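Scroll down for the structure; my scribbles are underneath it.
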Amino acid sequence: MTVYNFCAGPAMLPPEVMKKAQQEFLDWQNLGVSVMEVSHRSAPFLAMVKECEASLRRLMNISDEFEVLFMHGGGRGQFAAVPLNLHLDDAPGIYIENGIWSNGATIEGAKFTNVEGINIRSDKDGFFDIKPVSQWPLPSNASFIHYCPNETIDGIQIFDVPKHPNAPIVADMSSVILSREINVDDFDIIYAGAQKNIGPSGLCIVIVRKALLEREGLPRPSILDYAIEAKLGSMYNTPPTFAWYLAAEVFKHLEATGGVKAMEKHNETKAAILYDYIDKSDFYSNKVAKHCRSLMNVPFWLKDDSLNDAFLKQAEKSGLVALEGHRLVGGMRASIYNAMPIDGIEALVTFMDKFAKEHS
Ligand SMILES: *Cc1c(COP(=O)(O)O)cnc(C)c1O
Numbered sequence: 001m002t003v004y005n006f007c008a009g010p011a012m013l014p015p016e017v018m019k020k021a022q023q024e025f026l027d028w029q030n031l032g033v034s035v036m037e038v039s040h041r042s043a044p045f046l047a048m049v050k051e052c053e054a055s056l057r058r059l060m061n062i063s064d065e066f067e068v069l070f071m072h073g074g075g076r077g078q079f080a081a082v083p084l085n086l087h088l089d090d091a092p093g094i095y096i097e098n099g100i101w102s103n104g105a106t107i108e109g110a111k112f113t114n115v116e117g118i119n120i121r122s123d124k125d126g127f128f129d130i131k132p133v134s135q136w137p138l139p140s141n142a143s144f145i146h147y148c149p150n151e152t153i154d155g156i157q158i159f160d161v162p163k164h165p166n167a168p169i170v171a172d173m174s175s176v177i178l179s180r181e182i183n184v185d186d187f188d189i190i191y192a193g194a195q196k197n198i199g200p201s202g203l204c205i206v207i208v209r210k211a212l213l214e215r216e217g218l219p220r221p222s223i224l225d226y227a228i229e230a231k232l233g234s235m236y237n238t239p240p241t242f243a244w245y246l247a248a249e250v251f252k253h254l255e256a257t258g259g260v261k262a263m264e265k266h267n268e269t270k271a272a273i274l275y276d277y278i279d280k281s282d283f284y285s286n287k288v289a290k291h292c293r294s295l296m297n298v299p300f301w302l303k304d305d306s307l308n309d310a311f312l313k314q315a316e317k318s319g320l321v322a323l324e325g326h327r328l329v330g331g332m333r334a335s336i337y338n339a340m341p342i343d344g345i346e347a348l349v350t351f352m353d354k355f356a357k358e359h360s
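Here it is in structure tokens:
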């Protein structure tokens, strides 16, 4: 039976990449040892790392104005790194809040710097909605503007990018990076924990405008210092080498299959099939306003909560795993990242329809 894994993260990876990793697990590049067993400073590893960055730069069209860092500590590590590196004495860090992850970033940021949270979310009549970017009340004095373009748990996506005349725009793209085309120049820092669209956990991609490396910020651990990591090629200490290698393979695979543009189409198609089905059904519902529905994480609720356990059990028997919603929002959630094929969505919709008919 084919199993489709809808886990929010660590998430499904492209089967082709997993097979290649398996084949070369014990003997990488004919070295007779695994990629996990070689020095991060050895020539073959450094060559891999160089090509990995070049590949990501091609995929996202990242200019020389930016450094690309491969850091530790996942997305949450950056919740601390951003205020530590970008703090200014006389300007607050602005945090746009529209869900569980952006709130988490605010709470962590407040440990280090002056923060100002701006709520852009309004839940009316049981519907999650957000203010369009043009209506966000951004103050003129800010050390940075932090926001989360895709709220993984709430299923809310922001498609426009905020603008500010002088404060850097920082985006937590952990669950949305490489899923659609963006203009990197619209941002100043993009960061993303790897375990959704990139590879295994343990690695975090940070794309940072070089000019920001000059900021003094606050005293901070070297391991979270952008300027130090940039200077040392993300090797201040031993990096998560296996995660880095696998990310390189995922990038290679994405380039070979049409890049981000093709992926965007693929993701739109997948999300449309699922949302269309949910909208037509009177057994399932999605509570997010249509203009800000996530293309990556689709939360949905059964009309009758008491059927949740039966739904999850039968789904698992049909090879559809990890559909349980986050404990904070309840219901179900299908995470349909880049690696999820259309077949997986079709299998899910077929199952949902069968379950609804049996329980109506
Ligand atoms: C998963 C996720 C994170 C946290 O990632 P960790 O690597 O566990 O720290 C942060 N932000 C968003 C939006 C996420 O989806």
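Just so we're aligned, residue 1 is where the sequence shown starts under the numbering used here, counting upward by one.
Ideal placement from N, C-alpha and C gives every residue a C-beta, glycine not left out.
Since we're looking at a predicted model, the values are computed, not measured.
Which first and last residues belong to the beta strand (DSSP E) in which residue i is found?
i: ALA334; result: 332 to 335
i: VAL208; result: 204 to 209
i: LEU302; result: 297 to 302
i: GLU67; result: 66 to 71
i: GLY117; result: 115 to 119
Relative to the C-alpha of residue i, which residue among the options is closest?
i: ASP364; options: GLY325, LYS252, ASP185 and SER102; result: Outside the shown range of the chain, which is 1 to 360, sits residue 364, and nothing can be said about it.
i: ASN297; options: ALA310, LYS313 and ASN267; result: ASN267
i: PRO200; options: PHE6, ASN98 and LEU13; result: LEU13
i: ALA192; options: PRO239, GLY77 and VAL3; result: GLY77
i: LYS231; options: ALA256, ALA248, LEU213 and PRO132; result: LEU213
i: LYS313; options: PHE351, ARG327, LYS252 and ASP225; result: PHE351
i: TYR95; options: VAL349, GLU108 and ILE345; result: GLU108
i: TYR337; options: SER175, GLY258, ASN141 and THR113; result: SER175
i: GLY325; options: THR152, GLY344 and ALA167; result: THR152
i: ILE205; options: LEU224, ARG220 and LEU218; result: LEU224
i: SER102; options: GLU116, ARG215 and PRO137; result: GLU116
i: LEU307; options: SER318, ASN286, GLU358 and SER55; result: GLU358
i: MET1; options: GLY319, LYS163, ALA110 and SER360; result: GLY319
i: ALA262; options: GLY344, ASP353, LEU246 and LEU59; result: LEU59
i: ALA402; options: GLY74, ARG121, PHE112 and ALA81; result: Because the chain is modelled from 1 through 360, residue 402 falls outside the range shown and cannot be assessed.
i: PHE311; options: LYS354, PHE251 and GLU37; result: LYS354
i: ALA47; options: ALA256, ASP309 and ALA248; result: ALA248
i: VAL250; options: ASP27, ALA105 and ALA194; result: ALA194
i: LEU203; options: ASN61, SER234 and ALA347; result: SER234
i: SER39; options: THR241, LYS290, MET340 and LEU348; result: THR241
i: VAL349; options: GLN22, LEU246, ILE278 and MET340; result: ILE278
i: ASN166; options: ASN141, MET173, LEU178 and ASP160; result: ASN141
i: ARG327; options: PRO299, ILE345, LEU138 and PHE144; result: PRO299
i: PHE79; options: MET340, TRP301, ILE177 and TYR147; result: TYR147
i: SER134; options: ILE158, ASN114, ALA272 and ASP123; result: ILE158
So the alpha helix (DSSP H) residue i belongs to, where does it begin and stop?
i: HIS146; result: Premise fails: HIS146 lies in the beta strand (DSSP E), 144 to 147, not in any alpha helix (DSSP H).
i: ALA91; result: Taken as a continuous stretch (DSSP letters only), ALA91 belongs to no alpha helix (DSSP H), as it is neither H nor E.
i: GLU53; result: 43 to 60
i: GLY109; result: 100 to 109
i: ALA194; result: Segment: none, ALA194 is in no alpha helix (DSSP H) and carries neither H nor E.
i: VAL17; result: 15 to 23
Does the Cβ of residue i have 16 or more other Cβ atoms within 10 Å, making it buried, or fewer, making it exposed?
i: GLY330; result: exposed
i: ASN197; result: buried
i: GLY9; result: buried
i: ALA180; result: Going by the sequence as given, residue 180 is Arg instead of Ala. Burial call: buried.
i: ALA11; result: buried
i: PHE25; result: exposed
i: GLY126; result: exposed
i: GLU51; result: exposed
i: ASP276; result: exposed
i: VAL3; result: exposed
i: PRO149; result: buried
i: ASP27; result: exposed
i: GLY93; result: buried
i: ASP154; result: buried
i: GLU37; result: exposed
Considering only residues of the same chain and omitting the five flanking positions on each side of residue i, which have a CB-CB separation below 8 Å?
i: THR269; result: ILE342
i: ASP282; result: LYS303
i: ILE62; result: LEU56, VAL68, VAL184 and ILE207
i: ALA356; result: SER281, PHE283 and TYR284
i: ALA347; result: THR2, TYR4, SER318, GLY319 and LEU320
i: GLU264; result: SER179, ARG180 and GLU181
Below 7 Å CB to CB, which residues in the same chain sit around residue i once its five sequence neighbours on both sides are set aside?
i: ILE156; result: ASN98, GLY99, PHE128, ILE130, VAL288, CYS292 and SER294
i: LYS210; result: GLU65, PHE66 and GLU67
i: ASN119; result: GLU97
i: GLU229; result: LEU69, MET71 and TYR236
i: ALA315; result: LEU323 and PHE351
i: LEU138; result: ILE94, ILE145, PRO162 and HIS164
Take residue i and list the residues in its own chain whose beta-carbon comes closer than 6 Å to its own, dropping the five residues that flank it on each side.
i: PHE187; result: ILE169 and ALA171
i: PHE6; result: ALA322, LEU323, ALA334 and SER335
i: ASN85; result: GLY217 and TYR226
i: GLY74; result: GLY193 and CYS204
Could one say the Cβ of residue i lies closer than 8 Å to chain C's Cβ atoms, at least one of them?
i: GLY73; result: This model lacks chain C altogether; it includes just one protein chain.
Continuous beta strand (DSSP E) assignments of at least 3 residues falling wholly in the segment 216 to 272 = Inside the segment 216 to 272, DSSP marks no whole beta strand (DSSP E) run of 3 or more residues.
Minimum length 3: unbroken beta strand (DSSP E) runs contained in the segment 304 to 356 = 332 to 335
Run through the segment 119 to 191 for me and flag every whole beta strand (DSSP E) of 3 or more residues, listed as ranges in chain order.
-> Segments of the beta strand (DSSP E) lying fully in the segment 119 to 191: 121 to 124, 127 to 130, 144 to 147 and 169 to 172.
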